[in-house]
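J.:
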Amino acid sequence: MSEQSNKQPNRILVIGGGFSGLTTAVDAAETGAEVIVIEKNPYLGGRVAQLNKYFPKLCPPICGLELNFKRLKNSPLISVYTMAEVENVSGGPGDYTVAVKLAPRFVNDNCVACNACSEACPAERPNEYNLGMDTTKAAYLPFNQAFPQKYVIDSAHCKADCGKACQNACKYEAIDLNMKQESVTFKVSSIVVATGWNPYDAKKIDTLSYGSVKNVITNMMMERLASPSGPTGGKIVRPSDGKPVENIVFVQCAGSRDENHLPFCSYICCLASLKQTTYIREQNPESKAHIFYIDIRTPGRYEKFYWKVKDDPNVSFTKGKVAKIVQAEGSDDVIVEAEDMQTGKKVKVRADMVVLATGMQPAGAAQKINGVNYTEEGFALSNQGVIAAGCGRNPMDVARSGQDATSAVLKAIKTGLGR
Amino acid sequence: MEQIIKPDLNFVNDIIASGGESLKKCYQCSTCTVVCNVTPDEKPFPRKEMLYAQWGMKDKLIGNPDVWLCHQCSDCTAYCPRGAKPGEVLGAIRKMTISEYSPTPFAKMAGDPKYLLVLFAIPVLLFLSYIVPKGYLDFSQIPRGEDGGIVYAKFMPVFPQIDVTFGLAALFALACFVVGIKKYWSAMSAQLDGSGAGAQLKGNLIGSVTATIIEILTHKRFQKCNVTKDRSTAHLLVFYAFAGLAITTTWAIIYLYGNEFLGITAFSLFHFGESPYPLYDPMKILGNASALTLLIGITLVTLNRMKNAEKAGKGSYYDWLFISVIFVIVATGILSEVLRLADIAVLAYPVYFIHLVFIFFLFAYAPFSKMAHMVYRAAAMVFARHSDREV
Amino acid sequence: MSLRELAVWSQEPKSDEAQLAAEDYIKMGVIKAQKGDIPEPYVMETDKTILVIGGGIAGMTAALQSAQSGYQVVLVEKEDRLGGFVNKLYKKVPAAAGEYKKPLIVDTDIDKTIKEVEGNPNIKVFKSAKVEKTEGQPGQFDVTIASNGNSEVVKIGSIILAAGWRPYDANKLEHLGYGKSKDVVTNIEFEDLARNGIIKRPSDGKDATRVAFIQCAGQRDPNHLSYCSAMCCTTSLKQAQYVRQNPDATAMILYKDIRTPGNLEYYYKAAQNDPGVMLTKGDVTAVTQSGNGSLFVEMENSLLGEKVKVEADLVVLATGVVPATVDDPILNLKYRQGPGLPDLELFDGFADSNFICFQYETRRTGVYAAGCIRQPMSMSDAQEDATGAALKAIQAAEHVAKGVAVHPRAWDVTWPDPFMQRCTSCKRCTEECPFGAIDEDEKGTPFYKPGRCRRCATCMGACPERIVSFKDYHVDMIGSMMKNVSVPDDEDKPRIIVLACENDAYPAIDTAALKHAKIDPAVRIIQLRCLGSTNLVWIADAFSRGIDGMLLLGCKFGENYQCHFAKGSELADYRLGKVQETLDRLQLEAERVGLIQVAIDEYNNIPAIIQKFVERVKEIGPNPFKGF
Ligand SMILES: Cc1cc2nc3c(=O)[nH]c(=O)nc-3n(C[C@H](O)[C@H](O)[C@H](O)COP(=O)(O)OP(=O)(O)OC[C@H]3O[C@@H](n4cnc5c(N)ncnc54)[C@H](O)[C@@H]3O)c2cc1C
Ligand code: SF4
Ligand code: SF4
Ligand code: SF4
Ligand code: SF4
């Protein structure tokens, strides 16, 4: 910062190490502030680390993440705490005290990611990174390009009688099964809440039969299915029998824009479905995709992406929300029902697989941080020293999350300046 | 054919005032149409009705059989993502249809709590005018039966007081219905091809009527409801109770006039004694059984409505008035019989009086109240079939 | 060099080949260390004043935010009053984090913001002013501001471009009746009509009780604007509230899709819940006279019917946003590469970023765009955007002052240091620098402006004289590394150099190695800062040393390029087009050199891609220079 403002260092605590949190951290550090990142997961990147491609460029999310990781590694001003959660925020603008709980990783910095522990480990755990579609060992690396590139031991799934198989297998003394939970406190001048979102629980939408009809999946599962690091190595096959998907239906506003579920629009799911049609169309030139929607929302220059998909004769669109999904009799196929409003007829479409375009529920809906204010729906609210950014504040795409984070940095820095 | 749209703000306001206050929340997603098990696949409702309602397109709604094909299962209301309560909006439109086609000012009054007292004042004054001159306000002046018991016929003679009054009321109601349904039928025909010129009906009328009757008797459509499943049973009970009471009344009339006045004794074969008939008289048994069924049915209706209020909506004044009237009729009917047998004059006569007032209310105002739904719905169902609308 | 990935995990364990690879990589590592120097930042005299162009809501926000953070700001506004388009608004959409409560329209309070800007001692405002020219570089911009006939040069550190937008020219929308009937107005004109409470129609002054809003009037239409203006749906919902100030009036909104993304859905919900607000989907085809003084809006495929006409007293066209950069470069950069921001065609004239992850990155260092000039957006979004742009401008000014690069190598303190005595003024570097960092002096000799430089080293790759170097990265360094790679004598064992971009291709290889995928032992992989830094001399050198083939792995190019330096990979490809000549001279086959575009997530394919290339080279046979 400029001369007159250089008196005391600006210290910013960032809660959440997703795209918004990462952007906040690097932008703040590159402006001279000290930054502490608190991330709940054992890795940084948040939800975008689970995405296969970004609309509209169809470029891999890890590309931008990688650059941000590099900046982070190059900055002495940033300290990162993974598997960390904020317990309490107290104080006021310019002078906050933040209590943080650090869960044990059981793996220290000696880890070279050689995979020996995982090979030795006899226990398995559901892989939430792949939305439970496969498993990992209890000693695991969250995903290939995870940052930090260190293994984790999920003690909740350890086998008591394994005789410390992982610890014995590690040649680098990187495993310490006696690690304990720790508590630390930080004194900071401002806080950026970038806690992001969770996929809305599709089971709650009873008309859409997620969990009860086979081959009804969510859009996040689709991202993992299409990803080279996903459970199928990127092959889009349906879960029930592994059949390559030729005929797919997308159900828009699955839970979003709905008072009974999420009353707001999730901003990205129209674009996500358009994007996902390209996944399937690219894999199989014969495949057909069908999108049922209320309004197609591709604001701004995203419109051209919509046109691009619409120009594909194998992708069709129907205005009308799907409100009934059943299993086709004697088959693993799925039948969706909607009204085609343009023709005023109820239509039934049979598909190999159905993707529910479920929305983004702010993290604050499931978990509120002591000392941070929220709306009824769980969106974090900003005040002078606590600044909310990204999807935890308002549903938005990655581009806007980054922009929002950058703007949050200036507000946080201003708080630190005492202005 | 190009259609000119002229939105009618007044009509929108009317729907809102009639219990459809949520209609403007609809954002046209069609969830309602899909979750509705009653709607046909072609041109399904209620989404399109919601749009017409939002734009105040009166002709499209008031001359539309679909609003009556809706049984207000409220599946739509429960699942509507905007809380637009299409079930209630259609209910409001049905009420407006009834008042639109009823030829008298009573229509307006029936839906508006302001006029409730006026509506009741008519039968009250009418019946008072029979008994006050006779000094019957003092109950001891009322003659007793031969065995010394209470005989309501002595309090309010069957002829001419009761029968003429109710006969006229029924005639009035019938006339209103005939006029209303005629208007409604032609409005529906006019809307059929959107031209307003009236269209050729293709189906076969007799067949349509028969099918409709079977449908009504079985309540098949009603049973498809989801959120408010139990409603069809309750409604069926009320419906059959009414049918039972109608038969009882006809029976009584035939017996009374056939046997007592015309002396056709053949009718007395099924009867045991004179009015008040003993409790084992078959007519009496049917009457009492129907009354009991009605009591159970209407209680269930009320309970269901309360149970589903959150999902399906609270219901309008119009609905609740109808339910209350029936409730009072059954309650007072049963009570007057009990009080008569118990010989508690101070209570028996007033209760019977109230009973009569409410029955009058039900009959005379039938074409304007919720009661009319029976007739309009039946007409709409016949029309829908007759016009080849898949139902 | 990461031995673990390159020599251990990706090779057969304990093989001779793994051993040899390890030795090579160690050697290369040593050379890299020896040839690198301790970097020293390029420090110059700088100014940190921030120039904001445009005094609308975005510009004023950027100015205030920067000023409040302690920076001097110069604000240039074209009109004689600050406030921009907000001045034309009657009311605005209120702020809300969830459900909206009445009133649904509130005062803009723009005067308060204007006063705050004009009263801030750190902000110098030029009104009725334009940027005549911008010379120099970040930290040292000389910006000539012309206002009221005077020109003044101010010293500027970094620039925020917030020159906003204009509405699409409604005269082009004749089919919607504009220009033919006075009662067809744009949404901007409607703001003015609403100012007096009850809305009258312009033709005869009668109360306009039936107002039809036509959404996407020009937007989302290949004949007009190919994008969506993002805010006109919300605007029409707001303007419907203006109509409803008259309780007898109806507002009819005719849309293709209602677009109120995110929490704006709450506004849609609140605004539509009004008896007199009516919406329907349909395609508006024409606006015609009804014959009785009012208008018909003709629609097809509407939810109200196949073909319908809606009768209205007044028709409002929800016209869209056209960025100011479509008409004028505004910045008037005196750069050899042109006066404005590049990429105009791809972005429909918006001064936008091609990077999803880095929204503020333009290809002119130290220049950041904010508000509707960058993307169509609402007022409140523009304020957030401007705050972010202010941070970026502050960052740039600070980094240049310290001699540190900005995005993407925001930690880098090296800089391109050309040995000018040997420069032949061939201008390859000036032409190729993706960021316009190299101007030419009067004699046509390249002239480096380190403040504009992003340290991509494209110039280093472009220079045929090999005179551009960085302290820790230069042609000789990479060349020497290559020269020291072992070349097996065995004819069956080719040696192939893979030059991999360190941002995407190399991490992909890294991931493949992490997954213990085996990479053909014939290759030696060298990381480059960007493929754009590939100097053709390396190819000549390598082949004369007996290397059998050379594979370049870089980012995707084309419209949706992924190169962090915009064009590096594409430029390498362009240069390879010229390598034929060199190879011909050496009598070598052109197929020995290849460039393949890979993305960072193609780690599963990388071993096969390399394998295939190795096969190709094997087929051609060994390099005849082998053993010389
Ligand atoms: C199917 C789908 C596809 C999508 N595709 C695209 C796309 O192609 N392009 C695009 O632009 N957008 C896309 N999006 C949207 C994109 O995912 C979001 O914009 C993005 O994730 C927002 O980043 P964020 O940092 O705000 O939130 P997140 O990614 O959710 O990050 C929040 C982080 O905070 C952490 N956290 C949460 N609570 C706490 C706590 N209490 N303490 C500590 N840490 C905490 C979380 O673990 C997480 O790491 C898609 C969304 C979906 C559903
Ligand atoms: S983005 Fe599309 S699918 Fe998602 S909530 Fe909004 S309208 Fe529905
Ligand atoms: S009434 Fe509700 S469910 Fe039906 S179309 Fe409207 S918003 Fe959708
Ligand atoms: S915001 Fe609405 S009116 Fe504007 S261009 Fe987009 S869809 Fe059309
Ligand atoms: S080519 Fe790259 S390194 Fe060279 S001057 Fe331009 S930006 Fe700087």
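Chain order of the listed sequences is A, B and C.
Mapping to my numbering: the first sequence position 317 is 750, numbers consecutive.
Mapping to my numbering: the second sequence position 188 is 192, numbers consecutive.
Mapping to my numbering: the third sequence position 426 is 434, numbers consecutive.
Ideal placement from N, C-alpha and C gives every residue a C-beta, glycine not left out.
Which residues, taken in chain order from the segment 11 to 37 of chain B, show a beta carbon closer than 8 Å to some beta carbon of chain C?
T.: So the close ones are P11, L13, V16, N17, I20, K28, K29, Y31 and Q32.
J.: Listing by chain order, which chain B residues have their CB less than 8 Å from the CB of D256(C)?
T.: Here residue 256(C) refers to the residue found at position 248 of the third sequence. By Cβ distance, chain B contributes L13.
J.: Mind checking who E143(C) pairs with in its DSSP beta bridge?
T.: Sequence index remark: in the third sequence, residue 143(C) carries index 135 (1-based). The partner list for E143(C) (beta bridge, DSSP) reads D150(C).
J.: Spell out the partners DSSP gives K163(C) in its beta bridges.
T.: For the purposes of this step, residue 163(C) is taken as the residue at position 155 of the third sequence. Answer is D150(C).
J.: Using DSSP with H/G/I as helix, E/B as strand and the rest coil, what is K636(A)?
T.: Indexing the first sequence from 1 puts residue 636(A) at position 203. Looking at K636(A) - three-state DSSP - the assignment turns out to be helix.
J.: Ligand 2 heavy atoms versus the CB of Q794(A): any closer than 6 Å?
T.: Here residue 794(A) refers to the residue found at position 361 of the first sequence. No - ligand 2 has no heavy atom lying nearer than 6 Å to the Cβ of Q794(A).
J.: In whole angstroms, what separates the C-alpha of G200(B) from that of I66(B)?
T.: Here residue 200(B) corresponds to residue number 196 of the second sequence, with the count starting at 1. Here residue 66(B) corresponds to residue number 62 of the second sequence, with the count starting at 1. The predicted position of G200(B) is uncertain, since its pLDDT is 42 and thus under 50; a value taken from the coordinates is nonetheless stated next. Approximately 13 Å between the Cα atoms of the pair.
J.: Report yes or no: do three or more beta-carbon pairs, one from the segment 781 to 798 of chain A and one from the segment 808 to 819 of chain A, lie closer than 8 Å?
T.: Contact between the segment 781 to 798 of chain A and the segment 808 to 819 of chain A is present, because at least three Cβ pairs lie under 8 Å.
J.: Beta carbon of I97(B), beta carbon of V71(B): below 7 Å?
T.: Numbered from 1 along the second sequence, position 93 holds the residue referred to as residue 97(B). Numbered from 1 along the second sequence, position 67 holds the residue referred to as residue 71(B). A contact, by the Cβ cut-off of 7 Å.
J.: Kindly provide the ranges of any alpha helix (DSSP H) runs that are 4 or more residues long and lie completely inside the segment 418 to 453 of chain C, ordered along the chain.
T.: Listed in chain order, the complete alpha helix (DSSP H) runs (minimum 4 residues) inside the segment 418 to 453 of chain C are 436 to 440.
J.: Between the Cα of L241(B) and the Cα atoms of V231(B), T222(B), T252(B) and T254(B), which residue gives the shortest distance?
T.: Counting from one through the second sequence, the residue named residue 241(B) turns up at place 237. Nearest C-alpha to L241(B): T222(B).
J.: If you follow the beta strand (DSSP E) that K778(A) is in, where does it begin and where does it stop?
T.: Here the question's residue 778(A) lines up with position 345 in the first sequence. Here the beta strand (DSSP E) through K778(A) covers K778 to A784.
J.: Nearest chain E C-beta to D830(A) closer than 7 Å, yes or no?
T.: Among the protein chains of the structure shown, namely A, B and C, there is no chain E.
J.: Work out the CA separation of V819(A) and A705(A) for me, nearest whole Å.
T.: Looking up residue 705(A) in the first sequence gives position 272. Looking up residue 819(A) in the first sequence gives position 386. Near 31 Å, if we compare the C-alpha coordinates of V819(A) and A705(A).
J.: Could you please tell me which residues of the segment 670 to 700 of chain A, in chain order, have their CB closer than 8 Å to any CB of chain B?
T.: Correct list: C686, R690, D691, E692, N693 and H694.
J.: Based on Cα-Cα distance, which residue from R444(A), D766(A) and I724(A) lies nearest to V670(A)?
T.: Reading the first sequence from its first residue, position 237 is the one you call residue 670(A). Out of R444(A), D766(A) and I724(A), D766(A) has the C-alpha closest to the C-alpha of V670(A).
J.: Going along the chain, which residues of the segment 732 to 759 of chain A sit with their C-beta nearer than 9 Å to a C-beta in chain B?
T.: Going along the segment 732 to 759 of chain A in chain order, one finds K752, G753, K754, V755, A756 and K757 with a Cβ nearer than 9 Å to chain B.
J.: Please determine whether the Cβ atom of Q227(C) lies at a distance below 6 Å from any heavy atom of ligand 4.
T.: Your numbering for residue 227(C) matches position 219 in the third sequence. Correct: Q227(C) has its Cβ closer than 6 Å to ligand 4.
J.: Compare the C-beta of E772(A) against all C-beta atoms of chain B and say whether one is closer than 7 Å.
T.: Taking the first residue of the first sequence as 1, we reach residue 772(A) at position 339. Interface residue, yes.
J.: Under 8 Å: do the segment 579 to 592 of chain A and the segment 677 to 696 of chain A share three or more Cβ pairs, one atom per stretch?
T.: Taking 8 Å as the limit for Cβ pairs, the verdict is that the segment 677 to 696 of chain A does not touch the segment 579 to 592 of chain A.
J.: So, for R372(C): in the same chain, excluding its five sequence neighbours on each side, which residues have a beta-carbon less than 6 Å away from its beta-carbon?
T.: Here residue 372(C) refers to the residue found at position 364 of the third sequence. These residues qualify, in order along the chain: L349.
J.: Output the distance between the C-alpha atoms of E199(C) and V193(C), rounded to the nearest integer angstrom.
T.: For the purposes of this step, residue 199(C) is identified with residue 191 of the third sequence, where counting begins at 1. For the purposes of this step, residue 193(C) is identified with residue 185 of the third sequence, where counting begins at 1. Going by the C-alpha atoms only, they are around 10 Å apart.
J.: Can you have a look at T618(A) and say buried or exposed, based on whether 16 or more other CB atoms are within 10 angstroms of its CB?
T.: On the first sequence, residue 618(A) is found 185 positions in, with the first residue counted as 1. Classification for T618(A): exposed.
J.: In this structure, does DSSP put K99(B) in helix, strand or coil?
T.: Position 95 of the second sequence, counted from the start, is the residue given in the question as residue 99(B). Reduced to three states, the DSSP call for K99(B) is helix.
J.: Can you pull out the residues from the segment 49 to 71 of chain B whose beta carbon lies closer than 8 Å to at least one beta carbon of chain A?
T.: Result list: R51 and K52.
J.: Just to confirm, is the Cβ distance from A574(C) to Q535(C) under 7 Å?
T.: Reading the third sequence from its first residue, position 566 is the one you call residue 574(C). Reading the third sequence from its first residue, position 527 is the one you call residue 535(C). It is not a contact, given that the beta carbons lie outside the stated cut-off.
J.: Assuming W626(A) is part of the beta strand (DSSP E), what are its boundary residues?
T.: For the purposes of this step, residue 626(A) is identified with residue 193 of the first sequence, where counting begins at 1. This sequence places Val at residue 626(A); Trp is not what is there. Residues S623 to V626.
J.: If we define contact as Cβ-Cβ less than 7 Å, is I495(A) a contact residue for chain C?
T.: Locating residue 495(A) in the first sequence gives position 62, counting from the first residue. Yes - at least one Cβ of chain C is within 7 Å of the one on I495(A).
J.: According to DSSP, is D151(B) part of a helix, a strand, or is it coil?
T.: Walking along the second sequence from the start, residue 151(B) turns up at place 147. DSSP places D151(B) in coil when its eight states are reduced to three.
J.: Using a Cβ-Cβ cut-off of less than 8 Å, list which residues of the segment 618 to 642 of chain A approach chain B; keep chain order.
T.: Listed by position along the chain: T640.
J.: Cβ closer than 8 Å: which chain B residues qualify as neighbours of E319(C)?
T.: Taking the first residue of the third sequence as 1, we reach residue 319(C) at position 311. Ordered by position in chain B, the residues that pass the 8 Å Cβ test against E319(C) are I8, I9 and K10.
J.: Taking just the CA atoms, how far does Y134(B) sit from Q165(B)?
T.: Reading the second sequence from its first residue, position 161 is the one you call residue 165(B). Reading the second sequence from its first residue, position 130 is the one you call residue 134(B). Rounded to whole angstroms, Q165(B) to Y134(B) spans 7 Å at the Cα level.
J.: Buried or exposed: which applies to I348(B), given that a residue is buried once 16 or more other Cβ atoms fall within 10 Å of its Cβ?
T.: Counting from one through the second sequence, the residue named residue 348(B) turns up at place 344. Exposed: under 16 other Cβ atoms inside 10 Å.
J.: Does N281(C) come within less than 7 Å of chain B when only Cβ atoms are used?
T.: Position 273 of the third sequence holds residue 281(C). By this cut-off, N281(C) is an interface position.
J.: Return the CA-CA distance between F181(B) and M54(B), expressed in angstroms with no decimal places.
T.: As a working mapping, residue 181(B) is identified with position 177 in the second sequence. As a working mapping, residue 54(B) is identified with position 50 in the second sequence. Roughly 27 Å between the two C-alpha positions.
J.: Report yes or no: do the segment 526 to 535 of chain A and the segment 551 to 571 of chain A share at least 3 C-beta pairs separated by less than 8 Å?
T.: Too few Cβ pairs lie closer than 8 Å, so no.
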